[in-house]
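If you want it as structure tokens, here you go:
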């Protein structure tokens, strides 16, 4: 139940109970594998950057450019971070240069593409909306209509992973 509270604490008690039952009967793995049989093939930073750029180009052409999209071993999901959007300002001569970077927790190198896309959509939305407000989630749903369902299923996977280990390798 600890994993469920940790990852699904914002969901209702009934949902938490259903997920707990799935975990206790060891059915989460089969349920997730049936929906998502394979992991993505975006294991290196170059491919991850290109994938993020493609999403950004389709939905957010006029937003600030992203300079880097990488997997980061230092991001720990336990602290509620699946990825991070960082804004780095540097002085170059007499100009202030701003760079936007997206870092995805390394544990997501081997998950289904839909989960990775949901994380990238979330971080890309921070280019326009800094806070997790109504406009932010509206933008996320514009870029990924199944955003909320994917976030829920990713959280179920995190509960599963903590208890039973990885599903996709």
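Numbering (the UniProt record's numbering), first residue to last: 1 to 169. The C-beta atom is built at its ideal place from N, Cα and C for all residues, glycine as well. Quick caveat: nothing in here was measured; it's all calculated off a predicted structure.
Buried versus exposed call for residue 13 [16 or more other C-beta atoms within 10 Å across all chains shown]: exposed
Assuming residue 157 and residue 32 make a contact with CB atoms under 8 Å, what is their CB distance in whole Å? 6 Å
CB-CB under 7 Å to residue 121, same chain, minus the five flanking residues each way: which ones, in chain order? 55, 140, 143, 144 and 147
Do residue 150 and residue 118 come within 9 Å of each other at the CB atom, strictly closer than that value? yes
With a cut-off of 8 Å on the beta carbons, I'd call residue 3 and residue 162 a contact; round off their distance for me. 5 Å
If you follow the alpha helix (DSSP H) that residue 163 is part of, which residue opens it and which one closes it? 147-164
Since residue 159 and residue 11 should fall inside the 8 Å C-beta cutoff, what is the C-beta to C-beta distance between them, to a whole number of angstroms? Residue 159 to residue 11, Cβ: 11 Å. No contact.
Is there contact between the stretch 91-107 and the stretch 28-42, where contact requires at least three CB pairs shorter than 8 Å? no
Does DSSP classify residue 47 as helix, strand or coil? helix
Distance check for residue 43 and residue 114, CA to CA, integer angstroms please. 14 Å
Which same chain residues end up closer than 7 Å to residue 67 when comparing Cβ atoms and leaving out the 5 residues on each side of it in sequence? 99, 100 and 101
From this set, 165, 92, 124 and 97, which residue's C-alpha is nearest residue 59's C-alpha? 124
Limits of the beta strand (DSSP E) - the one that residue 75 falls within: That residue, residue 75, is in no beta strand (DSSP E); it is neither H nor E in DSSP.
Report buried or exposed for residue 52, applying the criterion of at least 16 other Cβ atoms within 10 angstroms of its Cβ. buried
Mind checking who residue 105 pairs with in its DSSP beta bridge? 72
Same chain only: Cβ atoms within 7 Å of residue 166, ignoring 5 sequence neighbours per side: 110
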